[in-house]
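Residue numbers (my numbering): 5 to 243. The structure appears right after this line, and notes come after that.
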């Protein structure tokens with residue numbers, strides 16, 4: 005009797021392992037002929053060239069893994085075709101776009117990206133309509149400008165990008181502003197002033213930026229409440 009138990013237990017364990025591997029392979033199919041780190045990829049008759057955009061996993065469809073199993077493959081559908089692809093790997097991420105598809109740079113704002121990264125698949129995205137309206141109000145805010153010194157552009161401010169006309173992604177061209185929290189004040193920096201700063205370089209986190217202090221009470225309350233988490237880390241540390 006004891007010998008039978010010794011045989012049954014390992015056999016059951018092996019069957020469970022085989023079952024788990026089978027389920028994993030079904031849910032994570034290998035896409036033959038598709039590899040990452042390529043200038044051009046082909047999938048289901050579609051050809052896509054390497055591009056640069058910010059991904060949103062909440063609207064991406066998971067297709068499987070590249071043939072070398074180094075990348076997870078996500079795609080965005082436009083009608084019956086896939087026009088955008090994100091190949092997400094542990095060391096690198098590639099984004100691709102079909103030549104006939106254009107990522108809109110204006111139109112109706114349907115999504116907001118906060119501090120997105122082209123290497124990420126789970127970027128922070130805002131879709132709530134009331135918050136989108138506040139971001140539109142923030143991006144169009146005008147006031148007298150001054151120069152503000154920022155010790156660290158990554159921890160004292162947040163880049164804001166709009167996505168338009170239900171497009172699932174955005175690009176660096178869709179930057180609408182940079183919001184910073186300096187000396188207990190909210191400062192909005194336009195894209196022109198943000199990109200045009202001579203101090204804002206790859207070699208230094210410090211920057212002298214031309215921006216406008218926000219004095220609108222509704223915007224200030226909304227920013228202080230921080231329900232969208234638009235506030236930079238420096239603001240959160242003060243709470």
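All C-beta atoms in this analysis are idealised placements derived from N, C-alpha and C, irrespective of residue type, glycine included.
Secondary structure of residue i, DSSP reduced to three states
| i | result |
| --- | --- |
| residue 128 | strand |
| residue 97 | strand |
| residue 146 | coil |
| residue 158 | coil |
| residue 60 | strand |
| residue 92 | strand |
| residue 163 | strand |
| residue 41 | coil |
| residue 109 | coil |
| residue 76 | strand |
| residue 137 | helix |
Beta carbon of residue i nearer than 8 angstroms to that of residue j
| i | j | result |
| --- | --- | --- |
| residue 238 | residue 185 | yes |
| residue 117 | residue 101 | no |
| residue 89 | residue 47 | yes |
| residue 139 | residue 107 | no |
| residue 216 | residue 148 | yes |
| residue 111 | residue 150 | no |
| residue 130 | residue 232 | yes |
| residue 236 | residue 160 | yes |
| residue 214 | residue 193 | yes |
| residue 126 | residue 61 | yes |
| residue 33 | residue 68 | yes |
Residue from the options with nearest C-alpha to residue i
| i | options | result |
| --- | --- | --- |
| residue 196 | 96, 61 and 178 | 178 |
| residue 56 | 194, 176, 235 and 224 | 176 |
| residue 64 | 105, 78 and 139 | 78 |
| residue 210 | 126, 152 and 109 | 152 |
| residue 35 | 14, 49, 119 and 71 | 71 |
| residue 191 | 38, 119, 223 and 113 | 223 |
| residue 58 | 137, 232, 154 and 122 | 122 |
| residue 81 | 125, 220, 173 and 240 | 173 |
| residue 180 | 188, 162 and 171 | 162 |
| residue 227 | 199, 189 and 167 | 189 |
| residue 54 | 144, 113 and 41 | 41 |
| residue 49 | 76, 218, 84 and 75 | 84 |
| residue 167 | 109, 104, 141 and 213 | 109 |
| residue 39 | 67, 208, 74 and 18 | 74 |
Local Cβ density within 10 Å of residue i, reported as buried at 16 or more and exposed below that
| i | result |
| --- | --- |
| residue 157 | buried |
| residue 87 | buried |
| residue 44 | exposed |
| residue 115 | buried |
| residue 120 | buried |
| residue 99 | buried |
| residue 198 | buried |
| residue 52 | buried |
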